[in-house]
Every structure is written in C-alpha cells, then in structure tokens.
Amino acid sequence: MAVNDGDGTRRTPGDDLLDLATAQLRTHTDDGWVSVAPRVLASALRAVRPSQPVRGHHPEGDYVVAADVLRTSVRALLDPDPRVRLRRLALRTGPDDVLEETVVEVSAAYLQPLEPLADDVRRTVAAHLRDVLGDPDLPDEVVRVDLLVTDVHRT
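Residue numbers (the working numbering): 199 to 353.
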C-alpha cells in the first residue's frame with residue numbers, strides 16, 4: 199500500500215529501507231564501495247533474475263525444476279555430513295533445458311582423505327539428481343558431477 203508524504207510524493211513501505219540502504223552505501227569510501235559492489239550487484243540480480251529451468255520427466259510427461267530448488271535440495275542433502283561443506287553448485291543445461299553437467303564445489307574437512315570423499319559426494323549428488331529429475335537410469339554422461347575441492351575446514 200502506498201501512502202502520501204506531506205509533500206504529495208507517494209511512498210511504499212520498502213522506501214524507508216531503500217533510503218537507509220542508500221544512505222549507508224553513500225558512507226563507503228571508493229575503496230570500500232569497490233569491495234562491496236560485487237556482492238550488492240549479485241544480490242540485486244538474484245532478486246530479479248529467475249532461476250534456470252532444468253527438465254525432468256516421468257511417465258506422464260516432462261516437467262521443469264528450478265535450478266535454485268536443486269541447489270537447495272543438494273545443500274540440504276550434504277549439510278549433515280561433517281566431512282564436507284557445499285560452497286557452490288553449478289548446473290549446466292542444454293538448449294532443451296536437459297541437465298548436461300553439474301559442478302560441486304566443496305570445502306573438505308582438514309585431513310579428510312579426498313578420494314573417498316569425492317566418490318561419496320559424486321555418488322550422492324548424482325543419485326539425488328536422478329531421483330529428482332525422474333530417471334534412475336540416467337547415464338553418467340548426462341548427469342556428470344565434477345567435484346572441485348577449494349578449501350578445508352575444521353570439524
């Protein structure tokens with residue numbers, strides 16, 4: 199609901215929050231703005247950009263699942279495992295929105311043997327994607343999971 203200010207301008211409830219955010223951003227020095235700009239822009243883009251569709255199918259026909267839903271479900275699947283922390287999940291689809299590749303970027307627990315961890319993560323994510331997208335026999339070439347370990351953490 200919009201309300202009129204005393205000067206006749208129309209304001210919505212979010213305007214105060216926007217004014218506050220704008221004022222706080224103006225207090226940053228140029229160096230400070232350079233450091234926060236990518237995060238601010240990424241947040242703004244996420245707020246207005248829809249998630250890419252990923253095509254699944256079942257006996258009744260095709261359907262689409264938002265990539266953000268797949269990311270959230272994979273994160274929920276991996277979160278209980280103290281050996282691994284999901285940092286990023288990238289999904290690449292073809293022109294018909296069929297999943298072609300998945301890249302899982304994780305942080306591994308310190309001193310964690312990486313080969314068995316990578317195998318577990320690959321197997322878990324691939325099985326989950328096959329289940330969600332409706333084809334338990336989807337070949338490895340289609341649901342390919344590349345694992346990238348970019349950090350370590352303490353358990």
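Note that the Cβ used here is the ideal one computed from N, Cα and C, for glycine as well.
This one's a predicted model, so the numbers in the text were calculated from it and none came from an experiment.
Restricting to Cα atoms, I'd like to know which of Ser249, Gln250, Leu223 and Pro280 is closest to Arg237.
Taking only the C-alpha atoms, the option nearest Arg237 is Leu223.
By how many angstroms is the C-alpha of Ala235 removed from the C-alpha of Asp333?
41 Å
With a 10 Å radius around its C-beta and 16 neighbouring C-beta atoms as the bar for buried, classify Met199 as buried or exposed.
With a pLDDT of only 42 at Met199, under the threshold of 50, the placement of this residue in the model should not be trusted, and no figure is reported.
Cβ neighbour criterion (16 or more within 10 Å) applied to Thr270
exposed
Report buried or exposed for Leu284, applying the criterion of at least 16 other Cβ atoms within 10 angstroms of its Cβ.
It counts as buried.
Beta carbon proximity, Gln250 to chain D, threshold 8 Å
In the displayed structure, chain D is absent; only one protein chain is listed.
Based on Cα-Cα distance, which residue from Glu299, Gly292 and His351 lies nearest to Leu312?
His351
In the DSSP output, which residue or residues are listed as bridge partners for Ser233?
DSSP lists no partner for Ser233.
For the alpha helix (DSSP H) that Arg285 lies in, which residues bound it at each end?
Careful: Arg285 lies outside any alpha helix (DSSP H), inside the beta strand (DSSP E) at Val282 to Thr291.
Using alpha carbons as the reference points, say which of Thr348, Val319, Thr291 and Val252 lies closest to Ala274.
Val319
Taking 8 Å as the cut-off, decide whether the C-beta atoms of Thr300 and Leu327 are in contact.
The Cβ atoms of Thr300 and Leu327 sit closer than 8 Å to each other.
Close Cβ partners of Ala264 (< 6 Å) along its chain, the five nearest in sequence each way excluded:
Ser249
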